[in-house]
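Worksheet: one structure, shown below.
Protein chains: 2
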Amino acid sequence: MKNPITGLNKIFDNRIRLGVMSVLMVNEEISFNDLKQLLEVTDGNLATHLVTLEENAFIKVHKGFVGRKTNTTYSITRQGEKAFSEHVTALENMIKGVR
Amino acid sequence: MKNPITGLNKIFDNRIRLGVMSVLMVNEEISFNDLKQLLEVTDGNLATHLVTLEENAFIKVHKGFVGRKTNTTYSITRQGEKAFSEHVTALENMIKGVR
DNA sequence: AAAAAGCACTTTGTAATACAAAGTATGTGA
DNA sequence: TCACATACTTTGTATTACAAAGTGCTTTTT
Numbered sequence: 001m002k003n004p005i006t007g008l009n010k011i012f013d014n015r016i017r018l019g020v021m022s023v024l025m026v027n028e029e030i031s032f033n034d035l036k037q038l039l040e041v042t043d044g045n046l047a048t049h050l051v052t053l054e055e056n057a058f059i060k061v062h063k064g065f066v067g068r069k070t071n072t073t074y075s076i077t078r079q080g081e082k083a084f085s086e087h088v089t090a091l092e093n094m095i096k097g098v099r
Numbered sequence: 101m102k103n104p105i106t107g108l109n110k111i112f113d114n115r116i117r118l119g120v121m122s123v124l125m126v127n128e129e130i131s132f133n134d135l136k137q138l139l140e141v142t143d144g145n146l147a148t149h150l151v152t153l154e155e156n157a158f159i160k161v162h163k164g165f166v167g168r169k170t171n172t173t174y175s176i177t178r179q180g181e182k183a184f185s186e187h188v189t190a191l192e193n194m195i196k197g198v199r
């Protein structure tokens, strides 16, 4: 028998970071506020998790405007896609064993 | 768009507890030592995670012997199967979005 | 023009969590 | 008897997560 949790990325152990990444896999970009509402987190908490993801080069930030209001959006990077995809593969392999 | 991380069980956010559960989904029972080697954790750390799972009634403990040596084994409970299965379903739903 | 509000943070403080290492109880093999 | 194994428990520390409050900038409201 093999260790079922090898290949899981520690960054994605956290559910909020997991949520951010899975949203960004299917949305080209999403705003700070939309993310906040979608994941139901406080802004400070979301901000720190976004910093973690950015420090790992998994996401990138775009500061822009909608009309005259500031609007920061986030998108996934190549590395982010790769890392998340590998994490999901590891999850799939784990699940394969149990289902 | 819906929150992709609803339905995830917080107990299974931790990778070691996730590993224990996924092992117990496919093995009727496993010994403390085998788990320890499989998941590559220290005994103290494993013990605390096993306590957490037991407190949540997700696993149960059997103290026995192999020959004359003590041998503690763990198995999954009905509730444990249900909770883990729901967690995996939530993961699958999340993955469905991204794959 | 002043006040209030929105956005996207940053800072601060605290609570929870994770973990290694050391200690313990019980029993075994040499 | 002495060292070793099992399965913990205890202790201490480091890391993490989080809410709440504060900040700087801009816009909208009055």
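Going line by line, the protein sequences match chains A and B. In this text, residue positions in the first sequence follow this note's numbering: the first is 1, and each later residue adds one. In this text, residue positions in the second sequence follow this note's numbering: the first is 101, and each later residue adds one. Where a beta carbon is used, it is the ideal one built from N, C-alpha and C, also for glycine.
### Short Cβ contact (9 angstroms threshold) for residue 146 of chain B with residue 116 of chain B
Their beta carbons are under 9 angstroms apart, which means residue 146 of chain B touches residue 116 of chain B by this criterion.
### Query
Does residue 40 of chain A come within less than 9 angstroms of chain B when only Cβ atoms are used?
yes
### Query
Between the C-alpha atoms of residue 134 of chain B and residue 84 of chain A, what's the straight-line distance to the nearest angstrom?
30 angstroms
#### Entry: Neighbour flag for residue 11 of chain A against chain B, beta carbons, 9 angstroms
no
### Task
May I have a chain-ordered list of the beta strand (DSSP E) segments no shorter than 3 residues that lie completely inside the stretch 110-187 of chain B?
159-166, 169-176
### Task
Give a yes or no on whether the minimum CB-CB distance between residue 103 of chain B and chain A is below 9 angstroms.
yes
#### Entry: residue 57 of chain A versus residue 96 of chain A: straight-line alpha-carbon distance, rounded
29 angstroms
### Query
In or out: residue 64 of chain A buried (at least 16 other Cβ within 10 Å) or exposed?
exposed
### Message
Between residue 180 of chain B and residue 159 of chain B, how many whole angstroms is the CB-CB distance? I'm expecting something under 8 angstroms.
### Response
6 angstroms
### Query
Any idea what DSSP makes of residue 195 of chain B, helix, strand or coil?
helix
### Query
Taking Cβ-Cβ distances shorter than 8 angstroms, what residues in chain A pair up with residue 214 of chain B?
Chain B is shown from 101 up to 199; residue 214 of chain B falls before or after that span and cannot be answered.
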